[in-house]
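A.B. asks: Okay, handing you the structure first.
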Amino acid sequence: MSIEKISRVGGGPSPGIMKSRRPRAVFTLFAGFRSNGARNPLSVMIALGALLCVSSVAAICLGAYRIAPTTLLAALWRPGALGVDPTILDQARAVLLSIRLPRVVLALIVGAGFGAAGSALQALLRNPLADPGLIGISSGAALGASLAIVCAPWLLSRYGFAGDGVTAFAAFAGALVVTALVYRLSARRGRLSLPVLLLSGIALNALAGATIGVMTYVASDSQLRSLTFWSLGSLAGVQWRTILILLPLVALSAALIGKCSRALNVMQLGEMEAHHLGVPVQRVKRVVLIAAALSVGAIVSCTGQIGFIGLVAPHCVRLVCGPDQRWVLPGSMLFGASLTVLSDLAARTIAAPAEVPLGILTALIGGPFFLALILRNRERLGA
1196 MSIEKISRVG GGPSPGIMKS RRPRAVFTLF AGFRSNGARN PLSVMIALGA
1246 LLCVSSVAAI CLGAYRIAPT TLLAALWRPG ALGVDPTILD QARAVLLSIR
1296 LPRVVLALIV GAGFGAAGSA LQALLRNPLA DPGLIGISSG AALGASLAIV
1346 CAPWLLSRYG FAGDGVTAFA AFAGALVVTA LVYRLSARRG RLSLPVLLLS
1396 GIALNALAGA TIGVMTYVAS DSQLRSLTFW SLGSLAGVQW RTILILLPLV
1446 ALSAALIGKC SRALNVMQLG EMEAHHLGVP VQRVKRVVLI AAALSVGAIV
1496 SCTGQIGFIG LVAPHCVRLV CGPDQRWVLP GSMLFGASLT VLSDLAARTI
1546 AAPAEVPLGI LTALIGGPFF LALILRNRER LGA
């Protein structure tokens, strides 16, 4: 008697039945994700989109130089129809196109990139406390920038080039190198161990922090000011060319993460179960890790270290929408963009005409949130 007949006699499912159950299991899983959300996900996306529009308009209009809504409309669309004084209109257009609008657009890109990377890493690691800085991406970028800043005189004398472009490139390269090291340390025989990934990230974070400390110790006064910018983070001085470089990288990263949304949903059951359901688990891990490193490395290379957006935004969206990554990803991008825009608005206005570094404000928001998250999950964490 064949094995298939024995399994049928013994009451076990046949291979054909097992194959027919796989799509049903995945469908049931997705349906459960949607039903577990506290709110209708589509309504949440609409609300987050409205919040993003309101916060963006507020960030464009408010600041050391205030732009009235009618002046904003006249500057963007109909110069002569709203009766705005031409002198005021010229000033508003100069501030809008050269300073205010590039900064708001950069804040949108930065927040969306951090939100996408954070949502993917939290889903991949199955840990609501995970964020892009946990595996050393941000520290690697800051390390690369620090080396470029301190070594700028040597680069200038030896190779004849130095400056912001070299620093940004070094930061991006540092993020990718640290991510590659983390992946190399945690991969064995083609399999990526998530616990080893976290431990490797913590170790490399410590090494990067120590090296940055050495760079700070030997830096000159002017170099120390540049190092402070990279350690605290800021969107000041942005230009349109920065946005044109950053936008394709963040969009590519979000697209790669979006393609993995269904696989990340199934992986919430566990890696073994996801493998049995036909998910290429190891490939999904590699794609998500590379996409997160690409996005965060590019962002930090342009803005310096800005923490906690990738932690706060995905977790809040997951609490409201449920764990379905197909909704968490766009929601995290929308909410992350809103958080960054509002935080940057506060950084520009809270101590005007001076400016508070953006990284300080996001840490003031994210630190208490992180503590509340730990207290909320004490039982699950074994405390």
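Under my numbering, think of the first position of the sequence shown as 1196, with each following residue one higher. Glycine included, each C-beta is placed from N, C-alpha and C at the ideal position. If you're wondering where the values come from, they're calculated on a predicted model, not measured in any experiment.
Give the C-beta separation of V1445 and G1308 to the nearest angstrom, bearing in mind that I take them to be a contact with Cβ-Cβ under 8 Å.
C.D. replies: With a Cβ gap of about 4 Å, V1445 and G1308 count as contacting.
A.B. asks: Give the list of continuous alpha helix (DSSP H) stretches no shorter than 4 residues that lie fully inside the region 1369-1440.
C.D. replies: Runs of the alpha helix (DSSP H) inside the region 1369-1440: 1389-1413 and 1416-1427.
A.B. asks: Quick check: the region 1554-1570 against the region 1416-1434, are at least 3 beta-carbon pairs closer than 8 Å?
C.D. replies: Yes: the two stretches touch, three or more of their Cβ pairs being nearer than 8 Å.
A.B. asks: To the nearest angstrom, how far is it from the Cα of L1193 to the Cα of A1245?
C.D. replies: The first residue shown for the chain is 1196 and the last is 1578, placing residue 1193 beyond what the model contains.
A.B. asks: Work out the CA separation of A1312 and R1229 for me, nearest whole Å.
C.D. replies: Residue placement at R1229 cannot be trusted, given a pLDDT of 46 that sits under 50; what the coordinates show is reported in the next sentence. Whole-angstrom Cα-Cα distance: 22 Å.
A.B. asks: Can you tell me whether DSSP reads W1349 as helix, strand or coil?
C.D. replies: If DSSP states are grouped into helix, strand and coil, W1349 belongs with the helices.
A.B. asks: Let me know if N1235 comes out buried or exposed under the rule of 16 or more other beta-carbons within 10 Å of its beta-carbon.
C.D. replies: With fewer than 16 other Cβ atoms within 10 Å, it is exposed.
A.B. asks: Among S1415, L1540 and A1567, which residue has its Cα nearest to the Cα of L1506?
C.D. replies: Nearest of S1415, L1540 and A1567 to L1506, Cα basis: A1567.
A.B. asks: Taking A1259 and P1548 to be in contact with their CB atoms under 8 Å, please state how far apart those CB atoms are, rounded to whole angstroms.
C.D. replies: Sure, about 5 Å apart at Cβ, within 8 Å.
A.B. asks: Please list, in chain order, all residues of the same chain as S1341 whose beta carbon is under 7 Å from its beta carbon, the five residues on each side excluded.
C.D. replies: Result list for S1341: I1407, M1410, L1422 and W1425, in chain order.
A.B. asks: Could you round the C-beta distance between L1529 and L1247 to whole angstroms and report it? I think they count as a contact, below 8 Å.
C.D. replies: Their Cβ separation, rounded to whole angstroms, is 5 Å, which keeps L1529 and L1247 in contact under 8 Å.
A.B. asks: Can you name the start and end residues of the alpha helix (DSSP H) that G1561 belongs to?
C.D. replies: Here the alpha helix (DSSP H) through G1561 covers L1553 to R1571.
A.B. asks: Check for me: the alpha helix (DSSP H) holding W1522 runs from which residue to which?
C.D. replies: Start and end: Q1520 to T1544.
A.B. asks: Between which two residues does the alpha helix (DSSP H) holding N1460 run?
C.D. replies: S1456 to M1462 is the extent of the alpha helix (DSSP H) around N1460.
A.B. asks: Measure the C-alpha to C-alpha separation of Q1286 and G1499 and round it to an integer number of angstroms.
C.D. replies: Taking the straight line from one Cα to the other gives about 30 Å.
A.B. asks: Does the Cβ of R1217 have 16 or more other Cβ atoms within 10 Å, making it buried, or fewer, making it exposed?
C.D. replies: A caution first: R1217 carries a pLDDT of 44, below 50, which makes its placement in the model unreliable, though a value can still be read off. That one is exposed.
A.B. asks: Please state whether DSSP places I1330 in a helix, a strand or coil.
C.D. replies: Helix, per DSSP.
A.B. asks: Is R1386 closer than 8 Å to Q1477 when the C-beta atoms are compared?
C.D. replies: Yes, the Cβ-Cβ distance between Q1477 and R1386 is below 8 Å.
A.B. asks: Run through DSSP, which three-state label would D1285 get?
C.D. replies: D1285 falls in the helix class under three-state DSSP.
A.B. asks: Around the Cβ of I1569, are there at least 16 other Cβ atoms within 10 angstroms (buried) or fewer (exposed)?
C.D. replies: By the 10 Å Cβ count, I1569 comes out exposed.
A.B. asks: For A1245, verify whether its CB is less than 7 Å away from any heavy atom of the ligand MG.
C.D. replies: Judged by which ligands are present, the structure shown has none, so any question about the ligand MG falls away.
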